[in-house]
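The sequence shown runs 1 to 1203 under the UniProt record's numbering.
Each residue gets a CB set at the ideal place from its N, CA and C atoms; glycine is no exception.
Please read these numbers as outputs of a predicted model, since none were measured by experiment.
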Amino acid sequence: MPHLNGMVSGLQSQVSLHLACSKCSHRENESTYRLKDVDHHCRTEILLARCKGASGIQWRKVDRRPSFPRPAFYDICRYYVPGLGCTRHRNSCTFAWSREEVIVWTFERKYNLERHKLKWLLKQAQSGVTPSAQTKPHDLSNPEEILSEFGGYFQEICGPCFYSRPQRISPKGSAQCKSHWGFLLVHVIADGKKKEQYTEIRPCPTSRRHFSYCPSVSAGRSCWNNSQSCSFAHSDVELAIWKAEQRCGLDRANLLCPAAEETASSPDAAPQYQFYCRVCLVTCDSQQSFENHCSSVEHTQLITTDMLTEWSYRAPPYDPKNFALCSRPDICEYGEDCARAHSVQELEEWIQRAKIAQRKKKTAKQDGLLAYQDRLIAEYQSSHNEVLIISEAVDGVRVTCKQPLRIQSEKKKLQYEWVFTIHSQMPLIHVALLKKIPGANFSLAVPGRAELLTYASGDSFKTVRASPPAIEVKVRLQSHTFGVYEQWLVFDFGSRPVLVQKLHARVGQKEASWRVDPATESSSCFVPSGRWHSGNRIVVPSVARVNKDVELLAKYKAASLSMDFQRGARGKPITRVNYCEEMHNFLFREEEAQQLLISKLNLRAMVFFVNSVEVFPSGLKFAPPQHLYAQVVTPYSLTMDSDEGYLLQRSVNTALLSQDPPANNRVYEVSIEKEALTEKSICLLLPQRCCRELGLQPDTFAKMEVQIQMDQLQFCQWHQAVDNLWDVKLVFPDVAACSIPCGTSQVPWGNAKQKQAFSFITGQVTGFCRTPPLLIYGPFGTGKTFTLAKTTLEIIKKSKTRVLICTHTNRHESWLGIFEHLDILEGWSIRCITLHYRIRERSNPYAPQILQFDERVKRGEEITEDEVERYKRLLKKARSYELVCHNVILCTCSASSSNFLSEQTNIEQLLIDECAMCTEPETLIPLVKCKRLEKVVLLGDHMQLRPVVQSDFCKKLGMEKSLFERYYKQALMLNIQYRMHKDICQFPSRTFYNNKLMTSPSITRGSSTLYYRSEFECTPIIFGHIEGREISLVVSTEEGNENSKANLEEVQQVVRIAKQLTLDRTTREDEIAILTGYNAQVVEIKKQLAQHGMRNITVCTIMKSQGSEWKYVIVSTVRSCNRQEIDERPTRSWQSYHLGFIVDPNQINVCLTRAQEGLCIIGNSHLLASNNLWRQLLNHYQSRRCLTMANAIKVKKRTSLVR
């Protein structure tokens, strides 16, 4: 004992120590106390210390030394602020909060001195008693000693309430717990570093003689065993009580005696029922205050942050999708407040912390510690039928609002208020604001509450009328900066779905009225005539989808349903910093634009139901048993030449159908029978459930409403490809740091540039530098497809490398060229090498079983669900077998997203043909799916057709540029064309390719038969001037009415010239094409040709002609007006109105480069000359003496058959 006294004397030489209690001390903050002179019985639960020589009367509290972690030395917390506590680690802080605490903790650890022994020595010294050598401090054995050691008080509470999720504190005898059984003892500390900590004291285990601390808990982890069955102590106070019970026979009832004193001394009695947050250590008196606590920033940080890890960088922003590098970290004007990472290391740490936050959020959800908004959003995000969770209309509820839900203001510090009145017989349970928006505060104005709330219980709001019930809810907006803000206000009536009202505010410079899809426009009451989607209708599905596709559709919502899409926000050009964010926004905007375009086909009409439809060329096609076909006539053209027809063929597979008017807010998903599409009608395949529930019978009519739906899955795949982009440098390569491959192999085929391209693709990289995507710039006729195919053959011959070739479309022309050069057809049709055909070939071991099942389907036999599942597994095995057996796989970019393609094959080389026609997200799909890529080769020509982008907003931002076009300057150009006569090539080469494109001297083309002066002066190029009269076909568009143009005078001339060409025995009908920019002109030309019996001449729009070539091409420009109407100084808007899209350089290039021997253009030269590019073309033709009147153009007749 003298030795122990000597140790304490050494401690007291550094600090003065004093024992006190809550009666004899005054707490100034969590670590500072002042002593009071009062006559009382001191419990001595508080240890105070003050450094020697310190002035003043303030003492510092010394908390119990943390059992975990065990640092090499103790230090003061850098983030401690008096009055606020630790601003970083919050309740998990294990640092000391004062110099005095560091000294005492260091002393206790050095001598392994328990706190109760130190207190015993101080008590002896404080009472003036000098302990003898034989006197030793004994273990804690009675309630007073335990309370003196640990402070606080003990209480019995309801066990089921404490174990519920979220935890609730219900004292014994509470009225709410009469039906519950079982109570447990808890130790409560309501001051100090712990705000209000409830520590469970479990029953003492009888199977153990010696007690110790749980290893997992002492290491700072959760107990790996069930806490109820673990026989180790989980806290210091539990360990002390267990020892006192075993050794001294402590009665737990005696621990409760001081509780009455504690509660009696408290001026405010605790409520009977409280919610408890074990993470933040706070109790809430009501559900409303608990939900608001869970939605607070502090709580969110605590449940998602690993407090035990010492992070090196700043805390990441809230949304992980916006993680990106700052463009100028060294001189960033935002400094520490910048939402971008200032280094690669910081970005990597953010990503790691986001993954940890996701795991911890799952745990918080299980513990009931997620806010109401987070629980509802998680439920909404995981649903694929969103209207069942959040809907714009709820039966029996009507919401009105006098203020517009979409507002616009130029005030930066805008303050605004919406007042909603809810009319419903059902009680309003929850009201919440779902979105967390930086730059503006949306809050609920709750009577009697001054703070900003994002959640409130329904009974908190003012009842404006008792019968019928009406409740008033106010929402306030306070903006801090300019921007576009969207908020979702939800009303929950205790069941699903909840009602949503969408608020929009544009703060900043006033702009033109927002152009909004009617289906997304909120109003004071639900408008049932808007566009249908799973957010406002119950969609009954009919299309079979695999689980991965269902999960994908639920994860990436449509633009009208996504909470990530900010409508009206200003877009930005893409950079390496904002690439993923802007690509997602581009996809949202493009999806809305396409859906708005295809919605022109929506209609209400009398629909005829049949059992079979006529399919060209196979004849009748019968519907499956208990299914029906529906023939829907539409006033719009559905050919690929029209925008609607293009989308319908390429991006639409389903429609939504319902009775008119819809019943029970329910619509049915039906399939579109592509084989039965005609120019003026759509054929729908109605599933069995739809026919049964709507009572539809064959050979009958019914009034129905049909809404065409975009294929949402393709947009989901593009969103996923953007998210899965593992390195932005793949699409934003640092060319200076990359190595360009160079090969030494020689091939006997090709010209110099084609051989260089072969070396470019097959060559090896020097050093360890990464290889950027290799670009092959292949204008028309330069053998781009030939080079691709031949190079692929050389690759697989030498190294057995697996090659994936992707194209933009699966058009016959695209595949045929590749197959012919690969020498794999050998008299077969393209159909014979498709995966569908290959898995049914004898070489496939699964083919007999597949064919047997196919025959059963054809015979109409009844097939069980188990047999269907076995068939699907069989198909998967057969596909995997074929993919493993072949080294070259061809598919579209979208098809490369198939899971079995990436799972069963290890693609090492990726070649993307027609890359200049792909949108950038479309190109990303094969890039991110193939994880082991050694080389990526992009082939295309951006001077011809570009990606089809419907959103004007995205076009202005340059989103119609492909990945190929962004980096074409680094491309290897194939510069020798083999398609056309050199005179046809001359103008495109000079205008579009800087005179780099040359005609091969070995090309042998027959002389043209076109002339206008003398048949001895035939020319391969000729322009025929005609001042025709254009007529209009009115078509409804997003902007109003659009005129699809036709010109009958030009129709007569092009048909006349085409007929003369067919009279020449050297030219067949299928070697002639008539191209135009307008679908109405296509229809008129086809009518005239049919009257003359010429049905094999190709008539199509310029866009459809991409990739094709003909011996003779006739171009009809259509547009015309009086010479007096032509502006001498035409503006861009004037040209857009009078010339339309025939001034598009890419389309002009395409139409000029389809002909082999003869190109004839018919149009109004005076009008076309108002455009600079057309003026150059006319000047070129004039200099070649190839400009004349259209009716003067003739065709030279030949008498001998050349071919």
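The stretch 800–807 and the stretch 1001–1013 do not touch, with fewer than 3 CB-CB distances between them shorter than 8 angstroms.
For residue 416, the three-state secondary structure derived from DSSP is strand. Within the same chain, Cβ atoms closer than 8 angstroms to the Cβ of residue 935 are found at 741, 761, 771, 774, 908, 909 and 910, the five residues on either side in sequence being excluded. In this structure, the alpha-carbon of residue 460 lies about 14 angstroms from that of residue 420. CA-CA distance, residue 177 to residue 159, rounds to 10 angstroms. Assignment of residue 623 by DSSP, reduced to helix, strand and coil, places it in the coil class. Residue pairing by DSSP puts residue 1076 in a beta bridge opposite 1101 and 1116. Per DSSP, the continuous alpha helix (DSSP H) segment holding residue 1062 begins and ends at 1048–1063.
Within the stretch 178–256, the runs of alpha helix (DSSP H) at least 4 residues long that lie entirely inside it are, in chain order, 215–218, 236–248 and 252–255. Distance from residue 660 to residue 704 at the Cβ level is roughly 6 angstroms; contact confirmed, criterion being Cβ atoms closer than 8 angstroms.
Here residue 683 is buried, its C-beta having at least 16 other C-beta atoms within 10 Å.
Taking C-beta atoms under 8 angstroms as the contact rule, residue 432 and residue 446 fail to qualify, at a distance of about 12 angstroms.
Taking C-alpha positions only, residue 921 is separated from residue 1015 by approximately 53 angstroms. Judged by DSSP in its simplified three-state form, residue 429 adopts coil rather than helix or strand. Sequence-distant Cβ neighbours of residue 840 in its own chain, meaning closer than 7 angstroms and more than five residues away, are 847, 850 and 851. In the assembly as shown, residue 157 is a buried residue. Its beta-carbon has 16 or more other beta-carbons within 10 Å. Residue 536 is not a Cβ neighbour of residue 669, given a cutoff of 8 angstroms. In the structure shown, the three-state DSSP call for residue 704 is strand.
In the DSSP assignment, residue 718 falls within the unbroken alpha helix (DSSP H) covering 712–723. DSSP places residue 965 in the uninterrupted alpha helix (DSSP H) bounded by 963–966. Inter-residue distance for residue 695 and residue 1126 is about 60 angstroms (C-alpha atoms, whole angstroms). Contact between residue 184 and residue 196 does not hold, since the beta-carbon distance rounds to 17 angstroms and is not under 8 angstroms. Assignment of residue 171 by DSSP, reduced to helix, strand and coil, places it in the strand class. An exposed status is given to residue 327, since fewer than 16 other beta-carbon atoms sit within 10 Å of its beta-carbon. An exposed status is given to residue 859, since fewer than 16 other beta-carbon atoms sit within 10 Å of its beta-carbon.
Taking C-beta atoms as the reference points, residue 725 and residue 580 count as a pair closer than 8 angstroms. A residue is called buried once 16 or more other Cβ atoms fall within 10 Å of its Cβ, and residue 1137, having fewer, is exposed.
Per DSSP, residue 849 has no beta bridge partner at all.
Cβ-Cβ distances below 6 angstroms link residue 1003 to 978 in the same chain, with the five nearest sequence neighbours on each side left out; the list follows chain order. Beyond the five residues adjoining it in sequence on each side, residue 417 comes within less than 8 angstroms, by CB distance, of 403, 445, 474, 475, 476 and 477 in the same chain, given in chain order. In terms of Cβ geometry, residue 383 and residue 630 do not form a close pair [threshold 8 angstroms]. Annotation: residue 1015 is outside any beta strand (DSSP E) and is labelled neither H nor E by DSSP. Look at residue 470 here: in three-state DSSP terms it is strand. Take the alpha-carbon of residue 939 and the one of residue 594: they are about 27 angstroms apart. The three-state reading of DSSP puts residue 492 in strand, counting E and B together.
Listed as beta-bridge partners of residue 304 by DSSP are no residues whatsoever.
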